[in-house]
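Some notes on the structure that comes next.
Number of protein chains: 2
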Amino acid sequence: MIRYHNAKIMTMNGSTAVTEGELWTEGSVIRYVGRQPAVLPEFEREIDLGGNLLMPSFKNAHTHSAMTFLRSFAEDVPLQTWLFEKVFPYEDRLTPDDVYAFDRLAILEYLASGTTAAFDMYFFPEASAAAFSEAGMRLTFCGSISGTAKDVDRLNDQFRKFRHFHPLVSYRLGFHAEYTSDESLHRAVAKLAQAEKEPVFTHISETKKEHEECIARHGASPAQYLDSLGLWEYGGGGFHCVWFDEADRAVFKKKGLWFVSCPCSNAKLASGIAPLTECAEEGVQLALGTDGAASNNGLDPFREMYLGTVLQKLRKNDAAALPAAELLKAATVGSARAMGLTDCDVLSEGRQADMIVIDMKAANLQPAHHIPESLVLSGDRMNVKMTVCAGKILYENGVYTNGIDADAVRRDCASRIARLTQ
Amino acid sequence: MIRYHNAKIMTMNGSTAVTEGELWTEGSVIRYVGRQPAVLPEFEREIDLGGNLLMPSFKNAHTHSAMTFLRSFAEDVPLQTWLFEKVFPYEDRLTPDDVYAFDRLAILEYLASGTTAAFDMYFFPEASAAAFSEAGMRLTFCGSISGTAKDVDRLNDQFRKFRHFHPLVSYRLGFHAEYTSDESLHRAVAKLAQAEKEPVFTHISETKKEHEECIARHGASPAQYLDSLGLWEYGGGGFHCVWFDEADRAVFKKKGLWFVSCPCSNAKLASGIAPLTECAEEGVQLALGTDGAASNNGLDPFREMYLGTVLQKLRKNDAAALPAAELLKAATVGSARAMGLTDCDVLSEGRQADMIVIDMKAANLQPAHHIPESLVLSGDRMNVKMTVCAGKILYENGVYTNGIDADAVRRDCASRIARLTQ
């Protein structure tokens, strides 16, 4: 067992309360959380956290990890130009080995950011499964098919292949978006989800244009249209949800769906500000994602949380809108549950040890009158001292500790990018 | 001399171009910037930057440094409640020694953020001058009087005392705001500024209420009213400027005034989004500040730059609004010049060596298709490897290297805060 002691602990098991204590792991599992007991067992390693904070790791509930290769490639251009001139032509050239390399670059950033799981939509799933599982990080695929009913065979194949592929890899049914597929696909995905009793995820209402075109096409918003087809009988959720109105949120509330918000990407691409305040008031479940590095341009849960709360204050013209702690829950427990990772959501005995250590002595976190609020409003990736996934320490004090050679990843990516963008 | 070599260098001397080369300092001064010459002199120390980026440091053009003590003290409450119940009563209890201690806490955060100068408005200037000069960081005071003409004597006294107080300390005339002082004060400050040929700064049009009340009171917006009194015959500027209209910006353009924006504070307090896009289009000079840590809640130039650009994209509904590089200029060169620090604005021979090293190998900055854009959209304080002010290395690889004991500062602040907030 490994002992993490002399810690502040925020288990996030029902609250954001912080207590003093310790936590023990055995393999991938948390064996004990609480005050120091009178009798201690033998440990393989004892880690004195020096009063720093142990808390659940961040989970990234919407991303396209391998898009790291297009980070800062084309800035300050309109969305359509960006997509059609600066993204799609380069994505067409990608090989599975490229995706493996660019996923590894994303993983370096995730681990330095305290993120241990990615809900990923991209090409070449075998390559991604290898990159994440080798690095010791969790990957939940989200199906991203587009087209017509016949494309659902591919979704079904991937689902069967990857749902129990590796202890760190899982799969959720999904498709790209309402506007990139037709009704036959939507009905076929709904049928598959009902047959398998599985949740379904999709990009939804990211832009005003897409939201309104669905209404023109189907006489209903994307959320209401897809719900009418029986897509979400076993749950699921949507990515972005920027243009959701009250009726859309009511669908998500009624079906227990996850509203996965990407505040930074929505801001950078001028898509809009999602109604997170209303979601929190109405009891719609919130999760947070970064989207890909090309449209953000970071993979940083702290920035998502910060923007998540301050944009609501601007949008509602109210400094009291959407308390900061709601974002902390969304970025950790909420995102884990959205991805189906209910065994690594909070710090409690029997759960997977997916957790981080935050340097509470850093100047930007002093004083810490209210720790959850400080993490959201003052916290920063430079405060991540340690990232642990499935009980294994993957990142500690700026060093990748699970065999990934950061310099080699960077050089490999640089030469691939030179080839792809020449 | 100290040699910084094997570097990417962004001098920001007229452009954000990046070249390969080296830089030498002698005492506080830059003696050489350019390619490696054929013959090298003797150096006291040679620092191989390993291909990392050397660039001008950030300057914080609006802050209340000692407000670190109220960081995260009261979150998610409306502005008036926050100010009158959670700020003013506690500020009343401050002693000069408290301000010295809380300034030192801010300095730790500034240095870890790559910031080497603060344009500060607060109480007990002697205490602040000691804290900053001892730490080796620059402090430019901004006068912050309120009240009536008789209060201008105090401004004049401070101006005379601090304008040549220490090589790292300077002083700019200023007053708190139009709405906390009467016309006699405004006229007396204008007279002093004209007599001394000095610029003047003030909080201006931060909230809609304050902006509109000035119009009701004086028949003109704060910018137009103050300009009509001859306040800015020798330049100056305003902090926040959220509610500036075209005519207000025209005053700033005509008089060469600095529009000092604080995007994070304005977002967190739900004050609004300043018209930075229009400023850039119209040629109004931009600088960036954090405001105090109690209303932000960080002292982080990266977050200000990021919000500075993405909020414009949301506000203008245009992903191409306000190119990211404009924010990089505002946070470095612009802010330096706003504070009158024209000798440490860019990296060129004869200028003061106020500069930082950015870890370009960090995963979040890879690939670096466009470095200035990457710094703004993907950059982070964890990328600051070194902070140099007046030729002295104050922070290097997470360690404070100029004698400041971070743990002692933290403990001292904690006990003072316990006393103040009990």
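In order, the protein sequences belong to chains A and B.
Going by our numbering, the residue at position 399 of the first sequence is 399; the numbering climbs one at a time, nothing skipped.
Going by our numbering, the residue at position 312 of the second sequence is 734; the numbering climbs one at a time, nothing skipped.
Quick reminder that beta carbons are idealized off the backbone N, C-alpha and C, glycines included.
The structure displayed is predicted, hence computed values, not measured ones.
How would you label B/G659, buried or exposed, when you count the other beta carbons within 10 angstroms and need 16 or more for buried? buried
So, does the segment 778–791 of chain B touch the segment 500–515 of chain B, judging by three or more C-beta pairs under 8 Å? no
Select from A/N402, A/N383 and A/C142 the residue whose C-alpha is nearest the C-alpha of A/L389. At residue 389 of chain A the sequence reads Cys, which differs from the Leu that was named. Of the listed residues, the one whose Cα sits closest to A/C389 is A/N402.
Buried or exposed by the 16-neighbour rule on C-beta atoms within 10 Å, applied to A/T140: A/T140 is buried by the Cβ-count criterion.
Close Cβ partners of A/F132 (< 6 Å) along its chain, the five nearest in sequence each way excluded: Excluding sequence neighbours, A/F132 sits near L139.
Should A/S128 be flagged as near chain B, meaning a C-beta pair shorter than 7 Å? no
Name the DSSP beta bridge partners of B/P478, please? In the DSSP secondary-structure assignment, B/P478 is bridged to B/M777.
Taking the straight line between their C-alpha atoms, what separation do you get for A/L229 and A/A220? 12 Å
Coarse secondary structure for B/H586, derived from DSSP in three states: coil
Going along the chain, which residues of its own chain have a beta-carbon closer than 7 Å to the beta-carbon of B/Y817, five neighbours each way excluded? L533, A534, M808, T809 and T823
Check whether the Cβ atoms of A/S335 and A/A66 sit closer than 7 Å, and answer yes or no. no
Residues within the segment 319–343 of chain A neighbouring chain B, beta-carbon criterion of under 9 Å: The residues in question are A319, A320, A321, L322, P323, A324 and A325.
Kindly list, in the order they appear in chain B, the residues whose Cβ is closer than 7 Å to that of A/D98. Correct list: empty, because the minimum Cβ distance to chain B is about 13 Å.
Starting from B/R425, follow its DSSP beta bridges and name the residues at the other end. B/W446 and B/E468
What three-state label does DSSP hand A/K361 in the structure shown? coil
Buried/exposed call for B/R838, threshold 16 Cβ in 10 Å: B/R838 is buried by the Cβ-count criterion.
Write down the C-beta distance between B/N428 and B/L471 rounded to the nearest angstrom, noting that I regard them as a contact closer than 8 Å. 5 Å
Whose Cβ in chain B lies nearer than 8 Å to the Cβ of A/F413? Residue identity check: residue 413 of chain A is Cys in the sequence provided, not Phe. Here the neighbours are Q788 and P789.
N- and C-terminal bounds of the beta strand (DSSP E) containing A/K392: K392 to E396
Are B/E704 and B/K735 touching if we call contact CB-CB under 7 Å? no
Give the range of the alpha helix (DSSP H) segment to which B/R526 is assigned. P518 to A534
Amino acids of chain A, ordered along the chain, whose beta-carbon sits closer than 8 Å to that of B/I695: L314
Buried/exposed call for A/I30, threshold 16 Cβ in 10 Å: buried
Measure the alpha-carbon distance for B/L530 versus B/A539 and round it to whole angstroms. Their backbone Cα atoms lie some 12 Å apart in a straight line.
Going by DSSP in three states, A/Y234 sits in which element: helix, strand or coil? coil
Check each residue of the segment 373–399 of chain A: if its Cβ is closer than 7 Å to any Cβ of chain B, include it; give the result in chain order. E373, S374, L377, S378, D380, R381 and M382
Beta-ladder partner(s) of B/C811, from DSSP: B/K814
A/F73 CB to nearest chain B CB: under 7 Å? yes
If contact is defined by three or more beta carbon pairs under 8 Å, each pair taking one atom from either stretch, is the segment 456–469 of chain B in contact with the segment 404–420 of chain A? no
Do A/A320 and B/V499 have their C-beta atoms closer together than 7 Å? Remark: C-beta atoms of A/A320 and B/V499 approach each other more closely than 7 Å.
Validate contact between the segment 244–263 of chain A and the segment 275–290 of chain A using beta carbons, cut 8 Å, 3 pairs: Yes, they touch.
Going by beta-carbon coordinates alone, are A/V242 and A/E278 separated by less than 7 Å? Cβ atoms of A/V242 and A/E278: not closer than 7 Å.
Classification of B/H586 by the beta-carbon crowding that lies within 10 angstroms, buried from 16 upward: exposed
Does any residue of chain A have a CB that is nearer than 7 Å to the CB of B/L530? So yes, B/L530 belongs to the interface.
For B/P644, which of B/V673, B/P621, B/Y656 and B/L698 has the nearest alpha-carbon? Checking every option, the nearest Cα to that of B/P644 belongs to B/V673.
Just mark A/A408 as buried or exposed, buried being the case when its beta carbon has 16 or more other beta carbons within 10 Å. exposed
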